[in-house]
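The next block holds one structure in the form of structure tokens; read it before the comments.
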Amino acid sequence: MKTVYEKPHSLTDNKTIYCPGCNHGFVHRLVAEAIDSLDLREKTVAVAPVGCAVLLYDYFNFDVVEAPHGRAPALATGIKRVRPDLNVFTYQGDGDLASIGMAEIIHAANRGENIVVVFVNNANYGMTGGQMAPTTLPGQKTTTTPFGRDTKHDGFPFRMAELIGSLPAVAYSARVKATSPKHVLAAGKAIKKGFQNQIDEKGFSFIEVLSTCPTNWGMDPVKALKWVDDAMESYYPLGTFKDIDGGK
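Those letters in the sequence shown? Residues 117 to 364, per the numbering used here, in order.
Written out as structure tokens, the structure is:
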């Protein structure tokens, strides 16, 4: 009998600690599938964030190093420059990447470092209790914005894929989501393209994934998926914002 679906070799058998309905599991699998399909597992190094994915090394079956909060792009830069033969990527949430790590991500992208960044955007600080993040939507209620984010007081959310895509040294910047089979497949294609860009030494690739956070949003998993589709995507449109291949 032909096997048509199985666990990627790049994933371990460990059970994750993620909340029911969280999209991190989807994204982990997509990353693992891309690495397996490109035969990169034996030479991959991931850089984990401080946040929900802090225990990344429990779930991926390759080398993972831990970075100080927000500094994953700087650590990935050092690894890649010392060992350019390795496949290096960071896996970061919105609090880690777009708040304390904003300088690191912008400068790594602006230098065109030949790494991949997988950015999971769930519009709040997931691990620490659901506080407002740089990506929290206008009017969105969090533990630190109980009456909703007020843009006059708190500023506007950062559209990171567009911001990264505006930099001249960036090879690829895209935003995807994982709320349906169709969109999961598209997200996997974007992540694989990022790793292929690194193989081809094209430079910095950035893939933003709109993700659910049912626990902190106070929703069941089905409603959380719908909220991504209806609320998040209206502010964070899906698409490719930079592709030096011209979208091929």
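C-beta: ideal position from N, C-alpha, C; glycine also. Please read all numbers here as calculations on a predicted model, not as lab measurements.
| Asked | Found |
| --- | --- |
| Beta-carbon spacing of residue 194, residue 235 below 9 Å | no |
| Distance, residue 240 Cα to residue 331 Cα | 11 Å |
| Nearest residue (CA-CA) to residue 284, options 225, 216 and 152 | 225 |
| Coarse secondary structure for residue 179, derived from DSSP in three states | strand |
| Closest by C-alpha distance to residue 150, when choosing among 355, 308 and 356 | 308 |
| Inter-stretch contact (C-beta, 8 Å, three-pair minimum) for the region 271-291 and the region 316-329 | yes |
| Of the listed residues 139, 138 and 144, nearest to residue 129 (C-alpha basis) | 144 |
| Any C-beta of chain D under 9 Å from that of residue 194 | Given the protein chain composition of this structure (a single chain), no chain D is represented. |
| Test item: CB-CB of residue 227 and residue 351 under 9 Å | no |
| Inter-residue Cα distance where the pair is residue 346 and residue 198 | 44 Å |
| Residue span of the alpha helix (DSSP H) that contains residue 328, given as start and end | Where residue 328 is concerned, there is no enclosing alpha helix (DSSP H), given that its DSSP letter is neither H nor E. |
| Pair within 9 Å by beta-carbon distance, residue 177 and residue 232 | no |
| Simplified DSSP assignment, three categories, for residue 157 | helix |
| Secondary structure of residue 275, DSSP reduced to three states | coil |
| Same chain only: Cβ atoms within 7 Å of residue 242, ignoring 5 sequence neighbours per side | 167, 168, 209, 329 and 332 |
| Nearest-angstrom Cα separation, counted from residue 220 out to residue 187 | 6 Å |
| Cutoff 8 Å; reference residue 349; Cβ partners in own chain excluding five residues on either side | 293 and 326 |
| Whole-angstrom distance between residue 249 and residue 211, CA atom to CA atom | 6 Å |
| N- and C-terminal bounds of the alpha helix (DSSP H) containing residue 267 | 267-270 |
| Residue environment, residue 158, which counts as buried when at least 16 other CB atoms sit within 10 Å | exposed |
| DSSP-derived helix/strand/coil call for residue 263 | coil |
| DSSP bridge partner residues for residue 291 (one or two, in chain order) | 324 and 355 |
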